[in-house]
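Count along the sequence shown from 1, then add 38; that gives the number in the working numbering.
Here's the structure we're looking at; comments come further down.
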Amino acid sequence: MNYSILEIVTLISGIFAIAKMVVWLYDSKVSTEREMELQKVKNDFLLKQDELQSRLEVQTHNAEHTVKMNTLAMQHLTESIGELKETLKETQERLLDLSKEQASIKESVKSAHKRITEINDRGCRCSE
Numbered sequence: 039m040n041y042s043i044l045e046i047v048t049l050i051s052g053i054f055a056i057a058k059m060v061v062w063l064y065d066s067k068v069s070t071e072r073e074m075e076l077q078k079v080k081n082d083f084l085l086k087q088d089e090l091q092s093r094l095e096v097q098t099h100n101a102e103h104t105v106k107m108n109t110l111a112m113q114h115l116t117e118s119i120g121e122l123k124e125t126l127k128e129t130q131e132r133l134l135d136l137s138k139e140q141a142s143i144k145e146s147v148k149s150a151h152k153r154i155t156e157i158n159d160r161g162c163r164c165s166e
């Protein structure tokens with residue numbers, strides 16, 4: 039077991055080289071695992087982002103459709119209100135005409151009763 043200094047130095051240097059190689063391999067393995075984990079996280083993030091984007095597009099489409107339908111409903115309501123106002127105006131005018139006609143008929147009936155009373159009064163005087 040007599041080793042020369044050169045053999046001992048070579049042996050120590052070989053041990054350091056092997057240790058350095060082991061450390062480098064371990065570091066490479068850890069780096070690769072980190073990169074794979076980061077890639078997995080990135081892929082998961084991208085999938086979630088795509089899912090959220092799709093949901094957002096659907097919700098946006100639904101919201102746009104709702105706004106369109108509400109706008110149409112408001113237009114129809116506005117038109118209906120306009121038609122109802124016109125119908126109400128026509129009904130009020132017709133009621134006014136009917137009220138005038140009723141007043142005229144009442145006046146005619148009143149006049150007719152007065153005439154009948156006058157004729158009856160004359161008829162009664164004539165028979166006396």
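The beta-carbon is built from N, C-alpha and C at its ideal position, and this holds for glycine as well.
Computed from a predicted model, the values in this text were never measured in an experiment.
CA-to-CA, the gap between Ser137 and Thr98 works out to about 57 Å.
In this structure, the straight-line span from the alpha carbon of Ala111 to that of Glu121 is close to 15 Å. Distance from the CA atom of Asn158 to the CA atom of Glu139, rounded to whole angstroms, is 28 Å.
When DSSP states are grouped into helix, strand and coil, Asn40 belongs to the coil group.
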